[in-house]
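2 protein chains.
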Amino acid sequence: MIVHMHGTAEMIFTGDELLRGDIVNSNQAFLGEALLRAGLFATHSLCVADSLDLIAHAVEEALARQPDVLLLSGGLGPTEDDLTREAVAQALGLELVHHEELLEQVAARFQTFNMSMPPSNLKQALLPHGAHALPFTGTAPGFWLAADDTIIAALPGVPRELHVMWDKELAPLLRQRLDTTTGVEVRRLRVAGMGEGTLAEALRGLSWKGGDVEIGTRAGAEGITLVLRCATGPEAHAHLDTAEHEVRRILGRKIFGTGNADMAEAVGHLLRAHGLTAATAESCSGGLIAKRFTDVAGSSDYFQGGVVSYSNQAKIDLLGVEEELLQRHGAVSPEVAAAMARGAAERLHADCAVSTTGIAGPGGGSEEKPVGLVYVATAVHGDVETARYLMFRTRQEIRTRTAQTALDLLRLRLLTLGTTT
Amino acid sequence: MIVHMHGTAEMIFTGDELLRGDIVNSNQAFLGEALLRAGLFATHSLCVADSLDLIAHAVEEALARQPDVLLLSGGLGPTEDDLTREAVAQALGLELVHHEELLEQVAARFQTFNMSMPPSNLKQALLPHGAHALPFTGTAPGFWLAADDTIIAALPGVPRELHVMWDKELAPLLRQRLDTTTGVEVRRLRVAGMGEGTLAEALRGLSWKGGDVEIGTRAGAEGITLVLRCATGPEAHAHLDTAEHEVRRILGRKIFGTGNADMAEAVGHLLRAHGLTAATAESCSGGLIAKRFTDVAGSSDYFQGGVVSYSNQAKIDLLGVEEELLQRHGAVSPEVAAAMARGAAERLHADCAVSTTGIAGPGGGSEEKPVGLVYVATAVHGDVETARYLMFRTRQEIRTRTAQTALDLLRLRLLTLGTTT
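Protein chains in written order, with this note's numbering: chain U, 7 to 427; chain L, 7 to 427.
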């Protein structure tokens with residue numbers, strides 16, 4: 007558990023849909039990190055059923071632990087399942103008070119859509135006695151109040167509305183009210199081309215110590231994220247810089263970005279910097295690399311397009327792969343991967359290209375060419391390199407890793423270009 | 007809150023990474039639905055920090071509410087942050103007992119990888135007195151024990167391992183121990199091409215009543231899922247059949263599948279049924295439709311491939327779109343969409359094709375052709391149809407909706423084919 011924190015927080019989420027598994031609670035991850043940035047570590051996060059007594063009791067239990075902040079999310083709508091206002095009032099023994107100006111704001115939303123407000127929305131103008139409304143962008147007003155040493159705040163359950171209310175209203179308010187002097191500064195480094203074990207092994211060589219920087223890892227199909235955390239303070243930035251410097255000294259180009267950097271975005275930056283264009287030729291990744299390229303806004307500046315050559319005929323017709331090559335080596339071979347990359351660069355008039363051919367499974371594998379066998383080729387100015395991988399697990403994981411790996415190989419080649427020209 | 011349930015359950019998840027927002031708690035959604043199927047409604051689901059006292063106290067609070075089942079997830083590994091065994095023992099005032107056969111099983115995992123077991127793993131052979139081990143597939147043994155009227159079970163935090171342990175061990179055990187007579191049967195219907203408002207309006211006309219079937223909706227970028235729920239029992243199946251029949255009578259072909267059906271899979275089934283092949287020509291969806299097609303295992307049987315023609319030149323070179331057409335109507339036009347679909351079908355020797363061209367944003371929009379303007383064309387046996395959409399929100403949402411819509415249009419055309427041939 008993180009110890010050097012300023013304060014503690016708890017979260018309570020209401021909604022049967024969360025408990026039934028209808029939806030994943032992404033609000034918890036958002037608020038957990040947001041609280042951390044505000045110097046608050048959440049010790050408890052509860053989802054509780056839409057029942058007045060259960061919610062009120064959960065609020066009581068949380069307050070008994072005296073957190074600095076108690077956040078509630080959801081239950082602010084007009085339906086009878088929306089019970090957050092009532093539950094907070096009940097837990098604290100407060101009356102609900104009607105706020106005329108709140109009613110007008112709710113009614114104004116309906117007028118925007120030329121609709122008249124149903125009577126059920128009247129309850130959205132009620133707040134526990136002493137509570138202050140939090141301005142809202144959606145349809146549900148939030149509120150906050152102080153109870154002993156805890157600030158209680160109720161936020162909407164709709165993620166978009168929750169994010170805005172946190173960023174615009176609650177975060178500034180907490181900064182002011184809590185007079186937070188120590189929060190946590192977080193820095194993320196995105197790593198590619200290494201497994202968790204190899205990474206841990208590499209970082210064991212870290213000579214740097216102290217500065218109170220804690221380093222965690224978070225693994226996903228698109229690589230590993232190193233999370234560097236340091237208590238805020240005048241030295242925090244310097245501590246994080248030192249830690250980042252040390253980590254970069256060891257990992258070098260394995261680090262493809264910071265923050266929530268995306269590999270396709272990193273490749274895009276390099277292409278832009280060199281004034282180069284790119285194309286794709288995909289078999290086993292089936293369009294995923296093109297999708298990754300075009301997920302990035304503005305990618306049309308450097309991404310020419312791609313071919314998803316799932317059939318052999320498509321490899322021949324659209325990429326100019328020779329039929330004889332396919333017959334001699336099979337579609338899943340370094341020779342065909344190379345010909346695909348070359349063909350994509352030529353046909354799409356691109357300076358660079360990446361290609362993939364492999365067996366994503368679950369069917370189609372053989373002893374010689376098992377499921378997970380993938381060849382990736384990169385072409386830069388006509389110069390082609392190929393690499394062979396044996397990837398594991400599901401079809402989706404193999405495809406995701408293939409796309410990430412192909413983009414990474416192109417990135418590494420573009421970096422080499424950077425130092426020689 | 008759902009009332010006609012057999013019993014109640016609670017869940018406790020341990021792990022600072024959940025509270026810091028490093029990861030989203032997908033285990034909660036999995037277990038919430040799994041419990042529901044087992045006839046148990048979760049009233050509380052708590053994430054608690056990695057602290058022995060906090061976890062033990064959370065277990066006590068949960069047991070005080072006397073749920074039929076209390077599930078814990080996470081904290082079964084060998085590190086000092088893995089505290090579930092100790093916390094359950096502390097909460098119940100039990101000793102931890104060493105199980106030699108468990109130690110052998112853990113050690114055997116290491117032998118598989120030719121590694122010797124570190125001493126820290128010794129604690130994985132400890133269980134609270136009276137607890138039974140749950141066979142494991144990963145590295146962490148689970149356990150269960152009965153405390154008064156509550157069955158307490160501890161499961162791993164790794165989703166893959168959790169799923170297996172639930173399916174293979176805990177679900178059968180609960181069925182046996184709880185002698186559950188009423189659970190909930192769930193049926194899902196996947197709807198495309200309708201907004202939530204229109205859908206609600208349409209279902210208002212449902213003439214059928216009773217049978218205790220509750221209908222909920224769950225919206226996402228890939229359409230809406232109708233969730234039909236009914237208490238288990240000899241009549242449940244018939245009740246759900248009646249409800250499904252009524253819903254289908256109203257929505258007809260808007261329903262593209264049941265369960266977790268995927269649109270690309272639905273299209274794949276139809277292509278297979280008709281012995282047809284398909285190809286894609288994508289501009290604004292940038293490879294996403296090809297990815298969707300090839301997400302489906304075995305799609306190489308009917309998916310020929312596709313072209314991501316992000317540049318105009320690619321539209322000309324790879325799809326045979328006439329330059330004059332591009333100049334006259336612009337790339338984002340019904341004429342170009344049609345030419346792209348026709349070109350994809352021809353060049354990829356496919357019976358059917360879908361194409362997209364539009365402005366996914368955030369840049370590139372104009373008054374005449376705003377961000378979100380999308381043309382989709384479908385070609386079936388050379389017969390081309392185009393449709394125009396104005397989509398909202400972010401680049402990613404516009405792209406996701408475009409792909410889903412294009413696949414849906416092809417599906418609807420294939421269905422028409424079904425009735426005439």
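Glycine included, each C-beta is placed from N, C-alpha and C at the ideal position.
| Item | Value |
| --- | --- |
| Cβ neighbours of L/V253 in the same chain (closer than 8 Å, five flanking residues each side left out) | L195, L209, L212, I221, L232, L234 and I261 |
| First and last residue of the uninterrupted alpha helix (DSSP H) at L/P178 | A177 to L184 |
| Where U/Q319 meets chain L, residues with beta-carbon distance less than 7 Å | H355 |
| Nearest candidate by alpha-carbon position, reference L/L276, set L/I29, L/R183 and L/R417 | L/R417 |
| Assigned exposure category for U/L415 - 16 Cβ within 10 Å defines buried | buried |
| Element boundaries [alpha helix (DSSP H), containing U/L354] | Looking at the DSSP string, U/L354 is not in any alpha helix (DSSP H), and its letter there is neither H nor E. |
| Partner residues on chain U for L/I29, Cβ-Cβ distance less than 8 Å | A35 and R224 |
| L/R353 burial status per 10 Å Cβ neighbour count (16 or more: buried) | buried |
| Contact set between U/K375 and chain L, taken where Cβ atoms lie within less than 8 Å | In chain order: nothing, as chain L lies at least about 15 Å away. |
| In chain order, each alpha helix (DSSP H) run of at least 4 residues that lies wholly inside the region 53-84 of chain L | 58-70 |
| Nearest to U/L24 (by Cα), restricted to the options L/L24, L/L420, L/T49 and L/E23 | L/T49 |
| U/I158, DSSP secondary structure in three states | strand |
| Distance between U/D357 and U/L282 (C-alpha atoms, nearest Å) | 6 Å |
| Residues near L/T426 in its chain [Cβ-Cβ closer than 8 Å; skip 5 each side] | Interpretation of L/T426 is limited by its pLDDT of 45, a score under 50 that renders its predicted location unreliable; the figure taken from the coordinates is listed afterwards. The answer is none, since no qualifying residue turns up. |
| Rounded distance between the beta-carbons of U/V94 and U/V65, thought under 8 Å | 6 Å |
| Contact residues within the region 193-214 of chain L, judged by C-beta distance below 7 Å to chain U | none |
| Test: L/E16 CB closer than 7 Å to a CB of chain U | no |
| Range covered by the alpha helix (DSSP H) that runs through L/V273 | M269 to H280 |
| Selection of the region 317-348 of chain L by Cβ proximity to chain U, strictly under 9 Å | S317, Q319, A320, K321, D323 and L324 |
| Contact check, U/G349 vs U/L325, beta carbons under 7 Å | yes |
| Sequence-distant residues of its chain with Cβ nearer than 6 Å to U/G2 (five each side left out) | Only positions 7 to 427 of chain U appear in the structure, and residue 2 of chain U is not among them; the question remains open. |
| For L/L133, the residue or residues it bridges with in DSSP | L/V103 |
| Min CB distance U/F119 to chain L below 7 Å | no |
| Start and end residues, alpha helix (DSSP H) containing L/G312 | Segment F309 to V314 is the beta strand (DSSP E) holding L/G312; no alpha helix (DSSP H) there. |
| Sequence-distant residues of its chain with Cβ nearer than 7 Å to L/L257 (five each side left out) | V197 and A208 |
| Minimum C-alpha distance to U/A279 - residue among U/D307, U/P162 and U/V190 | U/D307 |
| CB-CB length for U/L78 against U/L180, believed under 8 Å | That pair is no contact at about 15 Å. |
| Unbroken stretches of the beta strand (DSSP E), 3 residues or longer, contained in the region 351-413 of chain U | 358-364, 379-386 and 389-396 |
| Collapsed DSSP secondary structure at L/S317 in the structure displayed | coil |
| Which listed residue (U/T248, U/V30, U/F119 and U/A347) has its alpha carbon closest to that of U/V219 | U/T248 |
| Per-residue burial, U/M346 [other beta carbons within 10 Å of its own, 16 or more giving buried] | buried |
| C-beta neighbour in chain U for L/L294, strict 7 Å | yes |
| Buried or exposed by the 16-neighbour rule on C-beta atoms within 10 Å, applied to L/F47 | buried |
| Expected contact under 8 Å - CB spacing of L/L128 and L/L109 to nearest Å | 7 Å |
| Given U/G148 as reference, the closest of U/P84, U/A206 and U/E191 once Cα atoms are compared | U/P84 |
| Contact between the region 327-334 of chain L and the region 319-339 of chain U (3+ Cβ pairs under 8 Å) | no |
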